[in-house]
Amino acid sequence: MQANSDESLIARIAQGDRLAMKVLYGRHHVRVYRFALRLTRDESVAEDLISEVFLDVWRQAGKFEGRSAVSTWLLAITRFKALSVLRRRKDAELDDETAAAIEDTSDDPEVVLEKQDTGNALRQCIAALSPEHREVIDLVYYHEKSVEEAATIMNIPENTVKTRMFYARKKLAGLLKKAGVERGWP
Amino acid sequence: MIAMTLGVGAMEPEEIEGLLPWHATGTLNPRDARRVDEALARDPQLAKQYALIQDEIAETIHVNESLGAPSSRAMQRLLAAIDGEPSRAVRRSSNVIAQIADFIVSLSPRTLAYSAAIGAIALLLQAGVIAAVVTTKTTAGYQTASSDGPSVGTRALVGFQPDSKLADISQFLDAHNASIVGGPKAGLFRIQLGERAMSKDEVDALMKELRADKIVSFAQPTQ
């Protein structure tokens, strides 16, 4: 085992090693925060979630079996906690409103300018995706998770991951088209 | 999903298309990656879509990176929460090898480097000590059971019967607490008998005893 691999850090944390906890935190907390923030869209909630996620790691390290990467485990915990927060806030409707708002601006003069900046339009549309689609896009594109790892994090079958990713991309293309960016797919 | 003009292996065109995002991030297994590569080479539509996916990846990374980082408050909260947890006794493995492995794992790369250097020096020192010991032994020369022993005690010149066996001579020496310290010279061995000085009577009695042994042909006290 590599001296300071994530797995060895978890083993040390299981023995109560605070330094190992700090090293693991330093290594992963930004990605955990960003994943939580993308899910909850609330900075203070996302920050609170980081503490909760790593506290869970402190408590559960002894039970970690290494069947998935530590980063996958962390994101799975983050997702579970973020969804709990969202359920309490009943925030789901807000995302649809946000998406609708983006779609409605297609004739706005500012959007016409954005057509010249496909990258900017893409970023806006990515941000406007539904939580489910945003999540799978982030896991695959940003967190570089394989089909299997994404399935583990989202607790869904691998084929569902592929299907969800496909429809997320299709929805993204639809949003871009409404924003005036035609990419030729689908 | 778009239809591809050519199927690839056992996979449906839709399956290949569905794998493009993972191919672009390099998280496919080698077998699937090869299939996707082959499909990309054959199908321009698929290749075009692959280029779009690469744009999506770049902008998704941009979106996430622009989210910034959390404040130090999160870390402080975590440490405070850990302080509030029940104290956890540090578990020690009963397996010695596991303990050594744990110890090595706990070392930083710099510490390991220093340890390796110290180990190398220790090996060199050890090699030097061994070399010195060997050299000293070599200087002393090869020694047999006939080497000079303690100078105290009684010595004698002893001759053995020509047909005496080595086992008999060894038994004789053991029986008299004796050892060969010289010879053979003119068919006689110089032997040390005991480790204390003896009176003349004792020496005479001992010589008489030696001569009585059937394997001894000659026995005479000497210095």
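Same order as they appear, the protein sequences are chains V and R.
Sequential numbering of the first sequence, starting at 484, is according to the numbering used here.
Sequential numbering of the second sequence, starting at 7, is according to the numbering used here.
Backbone N, C-alpha and C fix where the C-beta goes; we use that ideal spot for every residue, glycine too.
Listing by chain order, which chain R residues have their CB less than 8 Å from the CB of residue i?
i	result
Ile-609 (chain V)	Glu-62, Glu-65, Thr-66 and Val-69
Val-513 (chain V)	Ala-75 and Pro-76
Lys-628 (chain V)	Thr-33
Grab me the residues of residue i's own chain with a C-beta within less than 6 Å of its C-beta, minus the 5 sequence neighbours each way, in chain order.
i	result
Trp-28 (chain R)	Leu-34
Ser-216 (chain R)	A small fix is needed here, since residue 216 (chain R) is Leu in this sequence, not Ser. Once the five neighbours on either side are set aside, the close Cβ partners of Leu-216 (chain R) are Val-222 and Ala-225.
His-512 (chain V)	Ile-533
Asp-539 (chain V)	Ile-560
Ser-551 (chain V)	Thr-635
Val-644 (chain V)	Val-630, Ala-633 and Ala-634
Asp-169 (chain R)	none
Phe-547 (chain V)	Ile-493
I need the DSSP call for residue i, collapsed to helix, strand or coil.
i	result
Phe-166 (chain R)	strand
Leu-12 (chain R)	Residue confidence for Leu-12 (chain R) is low, a pLDDT of 39 falling below 50, so the modelled location carries little weight and cannot support an answer.
Gly-188 (chain R)	strand
Gln-198 (chain R)	strand
Val-570 (chain V)	Per the sequence shown, the amino acid found at residue 570 (chain V) is Arg instead of Val. Residue state, collapsed to three classes: helix.
Ala-75 (chain R)	coil
Arg-161 (chain R)	strand
Ala-552 (chain V)	coil
Pro-614 (chain V)	helix
Trp-668 (chain V)	coil
Gly-155 (chain R)	At Gly-155 (chain R), the pLDDT of 45 sits below 50, so the modelled position is not reliable; the number obtained from the coordinates is stated separately. Of the three classes helix, strand and coil, the one that applies to Gly-155 (chain R) here is coil, per DSSP.
Ala-173 (chain R)	helix
Pro-92 (chain R)	coil
Ser-100 (chain R)	Residue confidence for Ser-100 (chain R) is low, a pLDDT of 46 falling below 50, so the modelled location carries little weight; the figure read from the coordinates is stated next. It is coil, neither helix nor strand.
Gly-193 (chain R)	coil
Ser-491 (chain V)	helix
Taking residue i as the query, report the chain R residues whose CB atoms sit under 7 Å from its CB, ordered along the chain.
i	result
Arg-517 (chain V)	Asn-70 and Leu-73
Arg-501 (chain V)	Ile-88
Gly-663 (chain V)	Neighbours of Gly-663 (chain V) on chain R: none; closest Cβ ~16 Å, over 7 Å.
Lys-645 (chain V)	Gly-24
Gly-602 (chain V)	Glu-65
Ser-534 (chain V)	Ala-80, Arg-83, Leu-84 and Ala-87
Ile-620 (chain V)	Thr-66
Val-623 (chain V)	Pro-27, Trp-28 and Thr-31
Arg-606 (chain V)	Glu-65, His-68 and Val-69
Leu-520 (chain V)	Leu-73
Ordered along the chain, which non-local residues of its own chain (more than five positions away) have a Cβ less than 7 Å from that of residue i?
i	result
Arg-521 (chain V)	Arg-617 and Asp-621
Leu-46 (chain R)	Leu-52, Ala-53 and Tyr-56
Glu-631 (chain V)	Glu-641
Thr-555 (chain V)	Lys-628, Glu-632, Thr-635 and Ile-636
Glu-526 (chain V)	Leu-520
Ala-503 (chain V)	Leu-492, Arg-495 and Ile-496
Quick check on this structure: which residue in the options has the alpha carbon closest to the alpha carbon of residue i?
i	options	result
Arg-37 (chain R)	R:Pro-50, R:Ile-22, R:Gly-159 and R:Gln-51	R:Ile-22
Leu-212 (chain R)	R:Ala-86, R:Arg-83 and R:Leu-163	R:Leu-163
Phe-166 (chain R)	R:Asp-219, R:Leu-129 and R:Val-209	R:Asp-219
Ala-529 (chain V)	V:Arg-517, V:Ala-503, V:Tyr-508 and V:Gln-498	V:Arg-517
Glu-62 (chain R)	V:Gly-667, V:Arg-606, V:Thr-635 and V:Leu-538	V:Arg-606
Leu-612 (chain V)	R:Arg-40, R:Thr-31, R:Val-69 and R:Gly-74	R:Val-69
Ser-185 (chain R)	R:Lys-206, R:Val-209 and R:Gln-177	R:Gln-177
Val-506 (chain V)	V:Leu-492, V:Ala-610, V:Gly-499 and V:Gly-549	V:Leu-492
Arg-77 (chain R)	V:Trp-668, V:Tyr-508 and V:Arg-571	In the sequence under discussion, the amino acid at residue 77 (chain R) is Ser, which differs from the Arg named in the question. Among V:Trp-668, V:Tyr-508 and V:Arg-571, the Cα nearest to that of Ser-77 (chain R) is on V:Tyr-508.
Leaving aside the five residues before and after residue i along the sequence, list all residues of the same chain whose C-beta is less than 8 Å from its C-beta, in chain order.
i	result
Val-536 (chain V)	Val-515, Ala-519, Leu-557, Ile-560, Thr-561 and Lys-564
Lys-143 (chain R)	A caution first: Lys-143 (chain R) carries a pLDDT of 48, below 50, which makes its placement in the model unreliable, though a value can still be read off. Cβ neighbours of Lys-143 (chain R) beyond the five flanking positions: none.
Asn-183 (chain R)	Leu-199, Gly-200 and Glu-201
Trp-159 (chain R)	Reading off the sequence, residue 159 (chain R) comes out as Gly, not Trp. Once the five neighbours on either side are set aside, the close Cβ partners of Gly-159 (chain R) are Gln-198, Leu-199, Gly-200, Glu-201, Arg-202, Ala-203 and Met-204.
Ile-59 (chain R)	Leu-26, Pro-27 and Ala-30
Leu-179 (chain R)	Ser-185, Ile-186 and Ile-197
What residue range does the alpha helix (DSSP H) around residue i cover?
i	result
Leu-622 (chain V)	Here Leu-622 (chain V) belongs to no alpha helix (DSSP H), and DSSP marks it neither H nor E.
Ile-609 (chain V)	601–610
Phe-547 (chain V)	Careful: Phe-547 (chain V) lies outside any alpha helix (DSSP H) and carries neither H nor E.
Asp-89 (chain R)	79–89
Met-504 (chain V)	501–523
Gly-657 (chain V)	641–661
Asp-219 (chain R)	Where Asp-219 (chain R) is concerned, there is no enclosing alpha helix (DSSP H), given that its DSSP letter is neither H nor E.
Ser-629 (chain V)	Counting along the chain, Ser-629 (chain V) falls outside any alpha helix (DSSP H), and DSSP gives it neither H nor E.
For a contact defined as C-beta to C-beta under 7 Å, what are the partners of residue i on chain V?
i	result
Leu-131 (chain R)	Correct list: empty, because the minimum Cβ distance to chain V is about 27 Å.
Leu-58 (chain R)	Arg-666 and Trp-668
Pro-50 (chain R)	Here the premise fails: no neighbours, minimum Cβ distance about 12 Å.
Residues of chain R with CB under 9 Å from residue i, in chain order?
i	result
Leu-655 (chain V)	Glu-62
Phe-547 (chain V)	The premise fails here: Phe-547 (chain V) is roughly 14 Å from chain R at the closest Cβ pair, so nothing lies under 9 Å.
Trp-556 (chain V)	Going along chain R, no residue has its Cβ under 9 Å from Trp-556 (chain V), so there is no contact; the nearest lies around 17 Å.
Glu-530 (chain V)	Pro-76, Ser-77, Arg-79, Ala-80 and Arg-83
Met-504 (chain V)	Leu-84, Leu-85 and Ile-88
Phe-563 (chain V)	Per Cβ cutoff of 9 Å: no residues; Phe-563 (chain V) is ~18 Å from chain R at best.
Met-648 (chain V)	Gly-24, Pro-27 and Trp-28
Tell me which residue opens and which closes the beta strand (DSSP E) that residue i is part of.
i	result
Gln-67 (chain R)	Reading the sequence as shown, one finds Ile at residue 67 (chain R) and not Gln. Per DSSP, Ile-67 (chain R) belongs to no beta strand (DSSP E); it is in the alpha helix (DSSP H), 50–71.
Val-222 (chain R)	222–228
Leu-34 (chain R)	No beta strand (DSSP E) holds Leu-34 (chain R); DSSP gives it neither H nor E.
Which chain V residues are close to residue i, counting only those with a beta carbon under 8 Å from its beta carbon?
i	result
Ala-53 (chain R)	Chain V residues near Ala-53 (chain R): none, gap ~12 Å exceeds 8 Å.
Pro-36 (chain R)	Within 8 Å Cβ-Cβ: nothing; Pro-36 (chain R) doesn't reach chain V, min ~13 Å.
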